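So for the sequence shown, the numbering used here puts the first residue at 2; every next one is plus one.
Positions of the beta carbon are idealized from the N, C-alpha and C atoms, including for glycine.
These numbers come from a predicted model, not from an experiment.
Accompanying notes for the structure given below.
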Amino acid sequence: MGDWSRADYLSRQGIRDRRVLEAMAALTRADFVPEEAKAGAGADTPIPIGYGQTISQPYIVALMTEALQLEGHERVLEVGTGSGYQTAVLAMLCREVFTVEIVPELARSARERLTASGFTNVRFLLADGSRGWPEQAPFDAILVTAAPSEVPPALLGQLSRGGRMVVPVGPTAHSQVLLRIRRALEPGLLPTVESLLPVRFVPLTGESDPTRP
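If you want it as structure tokens, here you go:
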């Protein structure tokens, strides 16, 4: 087994947020992957979870979570529940998580897994994640776990003033960049956009995806 969950490993990779390090160390990644992948769950690598989806490597999970700059009081939208691993990390660090998944089988298994693990601050929606969850908006932070070709306007519109969105963006897996977008506090001002690092994520699918036929 690898030692990715240990604070010293993630610290050496540049993760500094103590709360993120503690949340990562408190979870067992093997609990969130298919049975045949459990033996390799300790490695700092992505793992397929079926239906064309993956669970991100722990370093990327920690990095994206840290980039949201959570303090504990936030309402967070997660686009792409997947296995529920990233959802669990968020749930340990904020007031409430609203998570959206488009694949019924993944949505069902993640809900069962998180409920059985005792998470009571997670709300689930089976839907097109690129549309967000307008009935519950605005959100203090939004985390997107698959890559649209461009930032979905619906998600940006559901971000509160001063809120942060972390999203991988790019038309192909070889041209994606992880962005942190901060909505301006004052009306009429454009959001600020930071490029964090190159990444490779599965594409975001949904009716609002500009690349969808």
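Partner residues in the beta bridge of M166, as assigned by DSSP, are I143, I182. A138 has its alpha-carbon roughly 21 Å from the corresponding atom of E151.
Assigned with DSSP and collapsed to three states, P49 falls in strand. Within the same chain, Cβ atoms closer than 7 Å to the Cβ of L127 are found at E102, P105, A108, the five residues on either side in sequence being excluded.
In this structure, DSSP gives A42 a state outside helix and strand, which the three-state scheme calls coil.
The beta carbon of S57 is closer than 6 Å to those of P47 in its chain, skipping five residues each way along the sequence. In the three-state reduction of the DSSP assignment, V152 falls in the coil class, being assigned neither a helical nor a strand state. In its chain, beyond the 5 residues on either side, P139, F140, D141, A142, I143, R183, R184 have a beta carbon closer than 8 Å to the beta carbon of G164. In this chain, the beta strand (DSSP E) harbouring S196 covers 193 to 200.
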